[in-house]
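Going by full-length UniProt numbering, the letters in the sequence shown line up with residues 1 to 1027, in that order.
Right, one structure below, let's go through it.
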Amino acid sequence: MCQHLCRTDLMVLQIGDLCIINCYLPPDGSRWYKTALIPPDELLAEVIAACCGDMDRQVLLAGDLNARTASAACSPSHLTRASPDDGPITGHGRFLLQLGGDYDLQILNGSLRQKSCTIPYFTSFQHNGTSVIDYMLVSPALLRQDPPLLFEVEIHHKKWSDHAAVNICLSIEISGPSEDVLQQGCPSDTPRNHFTLEKGTGTLDTLLRNTLQSERSLEEALQRLYGDVYVSTPRVIVHTDGSCNQPGSVHATAGAGVYWGPFDPRNVTCRVPGKQTNNRGELYAILKALLAANPYTSLYIFTDSQYAIHCICHWAPAWESTGWTCANADILQDIVMLIAQRPADLHLQWVKGHDGNLGNEMADREAGLAARLPGKALPYQPLRPPSWPSLANSPALPSVSKVFTSLPRIALRRETTVPVPVRLRDSGLTDQSDLDHEWKLQNERVQTILAAKQEGTFWTIFRGWTDPKPRSAKVTADQLREVFLPRMNPPVSLPPAFDSARHAVNHFWASHLPDRTHDSSRAASFSRAITLEEIAAVKNHIRKHTINSAKGADRIGYNTILNIDNEELRVLYQSCIDNCDAPTEWLTSYLAAIGKRGKDLSDPSNYRTIGLESCLVKFLTLLIDRWVREWAETHDKLPPSQNGFRAHFRTNNNAFILRSAIEKAAANGDTVYAAFVDLSNAFPSVDQPTLWRKLKDWGVSGPLIDWLRMLYARMTYVVSFGGEFAKSFSAFAGILIGDPASPILWNLYLADFSLPVDASDITLGGEPISHLEQADDIVLFSTTIAGLQRKLNQLAHWCGINFMTINADKSKFMIFNGPLPRLPPTLFLNGKVLQLVSEYCYVGVTFRSTDRFIFGKHLQVRAKKARTAANAVLSLEAYTGHLPAWAARSLYMARVDPHLIFASEVILDVDGPLLESMRSIQHAYIRRMLGLNKRSTLAVLFTETGLWPIRYRRVFLALQYLAYILRKRPLLTLLALQESVTLYLNGKASWTSDLLHVLRRLPVPVLVPSLERWSPELVQCLRAASV
């Protein structure tokens, strides 16, 4: 029995691989729902989420659910049902159908899996009639069982119960994992559990080892930043504090206070220049204390700001190496300069604020008075270096740190706040030591789940807790190698659609391309020297975005690289570029494999390839990526139709443009034919000689590109899977998997794809638009079927001369602005017929052409994902104990909110029922978070959490998106917006008309008196009015 999942009237049993859930739900209208803190149906949904975390898990839900579902199925793809209960579907019935749809649980009652002679039998016999309210639902893994499971309803025995017995016959295999699986996690006759990375002996290999040995500890980094101590005296004490009134508002005022002692002329009461925040006040007070202190005396600064102490004593070296891109960098740089100029040491001591410390209280009083001083804040003026006599010629004091604090060090990017102790419900533990151990374990679990920044990481942790049974891998590393090797190399024979003559010419050209080429760009963009500023900028990017990236074969992570001096890194990378070479360790990458969702994972072809390069290599290719992007954007080499992997281009732009095109055609009475084209293994299929030739023809050559070509030619790959390592191999097709420079190389490879203007094109803002690209996701559209066929032919021709394979089976087309014809039109792509569909998911947005509201299905899908994520988060309390409200709020923003707001910039809430479904998800979660009954008032849900009602949050994001278009002005998106405004002014449906409709229907309506064009000022007013 899984006691941690059991609740009142709910029992969970684990038998082998089978999870059995037995549940009783009180009838609709039961008094239990009015008094229960957590409604029984919500508890059931949370337990289902915990049990169905793994798609391959066998789950059986059985019990008296007091639900009437008639003959409805949970999903159109489920087994059809024929129930004897033809009464209306009840509230519990709708809940059960929704639950089955969310977790792919199929109802057996009345299906082909029920014994045919028992299908007419009812399960409940009450004085007011008979019904079917006792159910069995099974997961797909259980439904696939061989021999097939058999469900039946027995004949009712009145003397025994007012319910008929239901039973199911199934077979369960109970066996533990083999010792081999437990130790290795992957079946193999001759496993290779170790891989030895080759280490070179060349000049660059030696330079690499010396560079890695120069990694500095925090103490060494502080000594380098602040310098040595030349004098140490009896301590001089000063207290500092900062204060801010109305923080976070436009009326905020911040002050700094410094207290040396009663009536001391050095005491300071002053306003803070620049941005008005409390943290800035704390730092400014320390700066003022340093300016007033004797630099030749040891100074003890007492402050209640842990932030200020960490900035100076722990984080400053990292910020200095990343170019001072942190908050309050202006003040911090001056503090660092003053400390470095001081010959004496500095001690920063944290004291608890408002705890009776006289000096702190007086400094707080000074800061409070300063924050109330009248007038506007002045801009900050950087300090000039002080003219203190230097003692650099004197001997430095050994073993004395320039700055010191007793405050424990914490990471620069604090992932979580330390959670308060929590308790498991009904843990059964009574011994205090056992309880302490359990509480510690729960706190560690809270920390772990909060630190999961990626959605995949969250679900991996979740499944590891809910179903910890070890499972053997279904394929070996050698089997994956047999699939990856041909996937990452040119085909043995060219497909008939490829231009073989052009292919031969490009490969002949590439074979004669010298290893060193001349930089023919006008600004010598690819032969310039690496600068320290660029090293700092890349470090800053890594710290913000990729600090937790997986390590490569050399096992060196970004944390190590960030601790290496910038000059050391610059010399290493410049030497690599100058010599067109790389250390031997950099030339091997791991290949990991991730199974495709819903596919048979015993087939190695159903795995995606994930490349794990050396982080040191990725650092250098990040530099190259910056140079290539700068050149491409400066010279307009990327077409406006390409929206992927570009700065200031948002993922939803293409969905917005396509929506505007559909609305423009509808206003003109035209039909839109849209083809969504799938390129097979686009990135791994790039023909490398063709790529290099395109770049050379554009003038992209020189040392940087030569080094990149060298990397492509010499990189080898090792498949690592399930603890095994396959034999290494080389790849001569595609762009490097997992490399930072690969996205821009793909964009340049596709950049010469264009379509001539056609009479069937849709015009937005006066410009014809017929195709959009999001990296390798391509959509073509036209107002005629013949026009779309011409575009498909032109795309097929481009693919033929650029050696890209089109997957016609995965490519689809849709028809908008009209009912689907009885005899659908036929479109061909490379001789294959494209399938006509009524629904397609493009860049994460689901379009359905047969609905009046084409985004209705999208909102249903997102509501389902939000609901399952909410249930999963709340089910974690079985493993973490009661989640503190702050932790539950963090998980809501990380796991639930992204689904509720996804594409809210494009899809506005004009459908009341769909908006209500999202509101109910948000309200249910927050009530559980705060421990409130479902009958509680709504206002407290938001006043106590700081969360926004989803209705306001979605419309505010739409207004933010509008401000982004007007500010960044991406060409096609701006044209689509202009067309949207024109449609609105002409009385036609458009995104603009939907936005104004949503604003008018807010509880406090926001009205726009007239609209000739959007302006940033108008959008700012609307944003302020909407909140």
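We put the CB at the ideal spot given by N, CA and C, even for glycine.
Everything numeric in this text was worked out from a predicted model, so none of it was measured.
Original post:
In chain order, what residues of the same chain lie with their CB nearer than 7 Å to the CB of R445, ignoring the 5 residues before and after it?
Top reply: Along the sequence shown, read from residue 1 onward, the residue named residue 445 stands at position 445. These residues qualify, in order along the chain: Y879, T880.
**OP:** Would you be able to state if there are at least three C-beta pairs under 8 Å between the region 396–406 and the region 335–352?
**Re:** yes
Original post:
Does the distance from the CB of L378 to the CB of N328 come in under 8 Å?
Top reply: The sequence position of residue 378 within the sequence shown is 378, counting from 1. The sequence position of residue 328 within the sequence shown is 328, counting from 1. No, Cβ-Cβ distance for L378 and N328 is not below 8 Å.
Subject >> Sub-8 Å separation of L79 and L112 beta-carbons >> reply: Taking the first residue of the sequence shown as 1, we reach residue 79 at position 79. Taking the first residue of the sequence shown as 1, we reach residue 112 at position 112. Contact: yes.
**OP:** Please determine if the region 688–699 and the region 454–465 are in contact, where contact requires at least 3 C-beta pairs separated by less than 8 Å.
**Re:** no
Original post:
Secondary structure at T588, three-state DSSP: helix, strand or coil?
Top reply: Your numbering for residue 588 matches position 588 in the sequence shown. Of the three classes helix, strand and coil, the one that applies to T588 here is strand, per DSSP.
**OP:** Note the first and the last residue of the continuous alpha helix (DSSP H) segment covering P690.
**Re:** As a position in the sequence shown, residue 690 is number 690, starting the count at 1. According to the sequence displayed, residue 690 carries Thr and not Pro. First-last of the alpha helix (DSSP H) with T690: 688–697.
**OP:** List the DSSP bridge partners of W350.
**Re:** As a first step, residue 350 is located in the sequence shown; it is residue number 350 there, counting from the start. DSSP lists T303 as partners of W350.
Original post:
Looking at C-alpha atoms only, which residue of C117, I301, A62 is the closest neighbour of I168?
Top reply: Taking the first residue of the sequence shown as 1, we reach residue 168 at position 168. Per the Cα distances, A62.
**OP:** Give me whichever residues DSSP pairs with E152 in a beta bridge.
**Re:** For the purposes of this step, residue 152 is identified with residue 152 of the sequence shown, where counting begins at 1. Answer is N167, bridged to E152.
Original post:
G464 to L932, Cα distance in whole Å?
Top reply: Locating residue 464 in the sequence shown gives position 464, counting from the first residue. Locating residue 932 in the sequence shown gives position 932, counting from the first residue. Computed Cα separation, rounded: 30 Å.
Original post:
With a Cβ-Cβ cutoff of 8 Å, do E534 and R626 count as a contact?
Top reply: Here residue 534 refers to the residue found at position 534 when the sequence shown is read from its first residue. Here residue 626 refers to the residue found at position 626 when the sequence shown is read from its first residue. Cβ distance < 8 Å, so E534 and R626 count as in contact.
**OP:** Tell me whether S1010 sits in a helix, a strand or coil according to DSSP, three-state version.
**Re:** Against the sequence shown, residue 1010 aligns to sequence position 1010. Coil, per DSSP.
**OP:** Provide the residue(s) that pair with K812 in DSSP beta bridges, ordered along the chain.
**Re:** Here residue 812 corresponds to residue number 812 of the sequence shown, with the count starting at 1. Answer is F676, Q835.
Original post:
Given 8 Å as the limit, is there contact between the region 614–631 and the region 944–957, that is, 3 or more CB pairs closer than that?
Top reply: no
**OP:** Kindly indicate which three-state DSSP category S840 falls into: helix, strand or coil?
**Re:** The sequence position of residue 840 within the sequence shown is 840, counting from 1. Rather than Ser, the amino acid found at residue 840 in this sequence is Tyr. Correct three-state label for Y840: strand.
Original post:
What separation, rounded to the nearest whole angstrom, lies between the Cα atoms of L983 and A989?
Top reply: Reading the sequence shown from its first residue, position 983 is the one you call residue 983. Reading the sequence shown from its first residue, position 989 is the one you call residue 989. So the alpha carbons of these two residues sit roughly 7 Å apart.
Subject >> 3 or more residues per run - each beta strand (DSSP E) lying fully within the region 908–993 >> reply: none
Subject >> Interface flag, V446 vs chain D, CB-CB below 8 Å >> reply: No chain D is part of this structure, which consists of one protein chain only.
**OP:** Indicate the three-state DSSP secondary structure (helix, strand or coil) for D17 in the structure shown.
**Re:** The residue you call residue 17 lines up with position 17 of the sequence shown. In this structure, D17 counts as coil in the three-state DSSP scheme.
Subject >> Three-state class that DSSP yields for E567 in the structure shown >> reply: Position 567 of the sequence shown, counting from 1, holds the residue named residue 567. Looking at E567 - three-state DSSP - the assignment turns out to be helix.
**OP:** Using 10 angstroms around the beta-carbon of P421, count the other beta-carbons present and answer buried if the total reaches 16, otherwise exposed.
**Re:** The sequence position of residue 421 within the sequence shown is 421, counting from 1. A caution first: P421 carries a pLDDT of 41, below 50, which makes its placement in the model too unreliable to give a value.
**OP:** Please confirm if the region 21–38 is in contact with the region 920–938, defined as three or more CB-CB distances below 8 Å between the two stretches.
**Re:** yes
Subject >> CA-to-CA distance, L485 to S406, given in whole angstroms >> reply: For the purposes of this step, residue 406 is taken as the residue at position 406 of the sequence shown. For the purposes of this step, residue 485 is taken as the residue at position 485 of the sequence shown. Using only the alpha carbons, I get a separation of about 55 Å.
**OP:** Excluding the 5 residues preceding and the 5 following S875 in the sequence, name in chain order all residues of the same chain whose CB lies nearer than 7 Å to its CB.
**Re:** Translated into the one-based positions of the sequence shown, residue 875 becomes position 875. Counting only Cβ-Cβ distances below 7 Å, and skipping sequence neighbours, we find E46, V47, A49, A50.
**OP:** Would you check if the distance between the CB atom of A775 and the CB atom of G856 is smaller than 8 Å?
**Re:** Here residue 775 corresponds to residue number 775 of the sequence shown, with the count starting at 1. Here residue 856 corresponds to residue number 856 of the sequence shown, with the count starting at 1. Against a cut-off of 8 Å, the Cβ pair of G856 and A775 comes out as no contact.
Original post:
With distances taken from CA atoms, which of K812, G831, L397, M710 is nearest N793?
Top reply: Locating residue 793 in the sequence shown gives position 793, counting from the first residue. With distances taken between Cα atoms, N793 lies closest to G831.
Subject >> Nearest-angstrom Cα separation, counted from S760 out to L788 >> reply: For the purposes of this step, residue 788 is identified with residue 788 of the sequence shown, where counting begins at 1. For the purposes of this step, residue 760 is identified with residue 760 of the sequence shown, where counting begins at 1. Whole-angstrom Cα-Cα distance: 8 Å.
Subject >> Inter-residue CB distance, L569 and T211 (contact presumed, cutoff 8 Å) >> reply: Here the question's residue 569 lines up with position 569 in the sequence shown. Here the question's residue 211 lines up with position 211 in the sequence shown. With 8 Å as the limit, L569 and T211 qualify as a contact, their Cβ atoms being about 7 Å apart.
Original post:
To which residues of the same chain is P684 closer than 6 Å at the C-beta, ignoring the five residues directly before and after it?
Top reply: The sequence position of residue 684 within the sequence shown is 684, counting from 1. Once the five neighbours on either side are set aside, the close Cβ partners of P684 are R487, M488, G734.
Subject >> Cβ-based burial, P913 [other Cβ within 10 Å; buried from 16] >> reply: Taking the first residue of the sequence shown as position 1, residue 913 is located at position 913. The residue in question, P913, is exposed, as its Cβ has fewer than 16 Cβ neighbours within 10 Å.
**OP:** Please classify V617: does DSSP put it in a helix, a strand, or coil?
**Re:** For the purposes of this step, residue 617 is identified with residue 617 of the sequence shown, where counting begins at 1. It is helical.
Original post:
Under three-state DSSP, which class holds D897?
Top reply: Stepping through the sequence shown from its first residue, residue 897 is reached at position 897. DSSP places D897 in helix when its eight states are reduced to three.
Subject >> Pairwise C-alpha distance: Q442 and D436 >> reply: Translated into the one-based positions of the sequence shown, residue 436 becomes position 436. Translated into the one-based positions of the sequence shown, residue 442 becomes position 442. Cα to Cα, the separation comes out at about 10 Å.
Subject >> DSSP beta-bridge partners of residue 1030 >> reply: The question about residue 1030 has no answer here: the residues shown for the chain are numbered 1 through 1027.
Subject >> Length of the line joining the Cα atoms of S83 and S116 >> reply: In the sequence shown, the residue the question calls residue 83 occupies position 83. In the sequence shown, the residue the question calls residue 116 occupies position 116. Cα to Cα, S83 sits roughly 11 Å from S116.
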